[in-house]
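K.L.:
The working numbering puts the first residue of the sequence shown at 79, with every later residue one more than the last. Beta carbons: idealized from backbone N, C-alpha and C, even for Gly. Bear in mind that the values here come from a model prediction, so they are computed numbers and not experimental data.
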Amino acid sequence: MSHFRTIVSPSISPFKVGIKDRFITIGSCFADVIGGYLKHHKIETSANPFGTLYSPAAIHKVLSYAIFNKSLPEQTFLQNQDIHLNYDFHSEFSALQKEVLKSRLKECILKTHQFLVNSNYLIITYGSSWVYERIETGELVANCHKMPAKLFAKSLLTQKKIIESFDPLYQDLKKLNPNMKIILTVSPVRHLKDTLELNSISKSILRTACHTLTETYSNVEYFPAYEIMMDDLRDYRFYKSDMIHPSEDAGEYIWQKFTDTFMDDSTKQFFEKWNGIQSALAHKPFHPSSAAHHQFLKSTLLKLEELKSTVNVDEEMNLIQAQLQNS
């Protein structure tokens, strides 16, 4: 045998991502991870602008807010002790004054709307099929914000309900931005609070829903981040110390698979150059004032000059120029 593990090799996607394409990622914490890699590699990206969201229902709802640049319903706001929050958003959106929170959410929705209009790709990462319904209103919430459990009824979304929720979202997105392509993923992060058995049920619903969506709608693809983590990287050395979240090595490996799947050849070539520049920028010299280090900085600056017509490298160039002036 040439190897002793199951290697997941996703098929090359018909989507061909170029360095000038724009991405928006939304969903569970994996949306932050993949969004972070895209931004790090100079692809213009809005990474999880609404904070961490797990259920398809919650993700579809906030995307609808952004598509139509909607004002938020008054009943979605709440106050827990002296903190103002919103049931449709992560707790990172909070404030001591309700109007401050409203203003912040309004600005976020508007910015996301504007980004959606001109984006090429939307990455949606579903995290869980479990949802919480407010007994008072019958509405599904994205976050219970530590309110009393008696206020909510917990249940599982079905594949049918996920698909029914996705359809109007897809149609509205296509009206807003006809060229938008959608990449679906399922988060590899396990939700132990639901027990491992019920987490498996939850993930299986998400996975079958994603399969049906890619079979039903054009310009919708699935990327197997979940399968790569569960089957290819099935060792706990690829997890953080909580044994739940993927480690940096796992994230890097999945990112490389993502690159192989979606990026065109010129973008891959750019990434190789950019990774070399990033290594140079991270270099910490023993003798910052030496002639050799000055030459190293000037050489790196020239490489950045060659790339500035392709991507914005002003921050990196300013950093090197400041080092040259101060050493």
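For W352, which beta-bridge partners are listed by DSSP?
P.N.:
Paired residues: none, contrary to the question.
K.L.:
So, is G316 buried or exposed, given that buried needs 16 or more other C-beta atoms within 10 angstroms?
P.N.:
Gly is not the amino acid found at residue 316; the sequence shown has Phe there. By the 10 Å Cβ count, F316 comes out buried.
K.L.:
Where do the N-terminal and C-terminal ends of the beta strand (DSSP E) with V111 fall, by residue?
P.N.:
Here V111 belongs to no beta strand (DSSP E); instead the alpha helix (DSSP H) covers 107 to 118.
K.L.:
Less than 8 Å separating the beta-carbons of Q112 and F336?
P.N.:
Correcting the residue identity first, residue 112 is Ile in this sequence and not Gln. Yes, the Cβ-Cβ distance between I112 and F336 is below 8 Å.
K.L.:
Rounding to the nearest angstrom, what Cα-Cα distance links T103 and I137 in this structure?
P.N.:
Approximately 11 Å between the Cα atoms of the pair.
K.L.:
Beta-carbon separation of K345 and F301 under 8 Å?
P.N.:
The amino acid occupying residue 345 in the given sequence is Thr; Lys does not appear at that position. Their beta carbons are not under 8 Å apart, which means T345 does not touch F301 by this criterion.
K.L.:
Straight-line CA distance for F167 to R285?
P.N.:
Answer to the nearest angstrom: the Cα atoms are 24 Å apart.
K.L.:
Only counting the same chain, and skipping five residues up and downstream in sequence, which positions put a Cβ closer than 7 Å to that of I213?
P.N.:
The answer, listed in chain order, is L229, F230, A231.
K.L.:
For Q159, which of helix, strand or coil comes out of DSSP?
P.N.:
Correct three-state label for Q159: coil.
K.L.:
Please state whether DSSP places P324 in a helix, a strand or coil.
P.N.:
In this structure, P324 counts as strand in the three-state DSSP scheme.
K.L.:
DSSP three-state label for R315, please.
P.N.:
The answer is helix: DSSP assigns R315 an H, G or I state.
K.L.:
Near E170, what residues of its chain come up, given a Cβ to Cβ distance below 7 Å and the 5 sequence neighbours on each side ignored?
P.N.:
The answer, listed in chain order, is G129.
K.L.:
What is the rounded straight-line gap between the Cα of L156 and the Cα of C186?
P.N.:
Going by the C-alpha atoms only, they are around 18 Å apart.
K.L.:
Where N396 and L380 are concerned, what is the direct C-alpha to C-alpha distance, given to the nearest angstrom?
P.N.:
Cα-Cα distance, rounded: 13 Å.
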